[in-house]
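See below for the structure under consideration.
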Amino acid sequence: MFRTFIVTVILAIVFFVAERYSVSPWLHPDWKILLIFFLSVSFLTHRLVESGLQGDRERFIPLFMAATVARLILGLAFVGFFLFRHIDQRRTFIFDFLVLYIFYTGFEIWGLTRNLRRDS
Numbered sequence: 001m002f003r004t005f006i007v008t009v010i011l012a013i014v015f016f017v018a019e020r021y022s023v024s025p026w027l028h029p030d031w032k033i034l035l036i037f038f039l040s041v042s043f044l045t046h047r048l049v050e051s052g053l054q055g056d057r058e059r060f061i062p063l064f065m066a067a068t069v070a071r072l073i074l075g076l077a078f079v080g081f082f083l084f085r086h087i088d089q090r091r092t093f094i095f096d097f098l099v100l101y102i103f104y105t106g107f108e109i110w111g112l113t114r115n116l117r118r119d120s
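The numbering of the sequence shown is UniProt numbering, which starts it at 1 and goes up by one.
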């Protein structure tokens, strides 16, 4: 979880610098909310997977799948909520969300496979 927090801080610094020192049409003004959402969902996913790795190893796969489905459903609800609120720059918001979704999912899978190889 520490690695996820560090990556989120690095992304926040990159987004802050991009927002302050350049004209960035690809960066939505609510990027902070997006990062907080993904950090929260990553924490939830991490806790579910961690509980699956402790004790009975047969529970790991169902808990990992539940965490993945929860990430997807929470993401859809999050985007739906903001679209329902008629947020400005909808395409930019959805693009930023999808890029961060793929990034965090890939980072989570990378960290998980790294931990599983070490435990084998």
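Glycine residues also receive a C-beta, built at the ideal position from the N, C-alpha and C atoms.
Bear in mind the structure is a predicted one, so any value in this text is a computation, not a measurement.
If you follow the alpha helix (DSSP H) that residue i is in, where does it begin and where does it stop?
i	result
Glu19	2-21
One question on the structure: do residue i and residue j come within less than 8 Å of each other, judged by their Cβ atoms?
i	j	result
Arg3	Val41	no
Phe60	Leu100	no
Arg91	Leu83	no
Phe43	Trp31	no
Leu98	Ala67	no
Leu35	Leu11	yes
Thr8	Glu108	no
Tell me the DSSP secondary structure of residue i in three-state form.
i	result
Pro62	helix
Leu27	coil
Asp96	helix
His86	coil
Rounded C-beta distance between residue i and residue j? I'm assuming under 8 Å.
i	j	result
Phe103	His28	Wrong, their Cβ atoms sit about 15 Å apart, outside the cutoff.
So is the beta-carbon of residue i under 7 Å away from any non-hydrogen atom of the ligand NAP?
i	result
Ser22	In the structure shown, the ligand NAP is absent, as is every other ligand, since no ligand is present at all.
For the structure I just gave you, are there three or more beta carbon pairs, one from the region 71-81 and one from the region 2-20, closer than 8 Å? no
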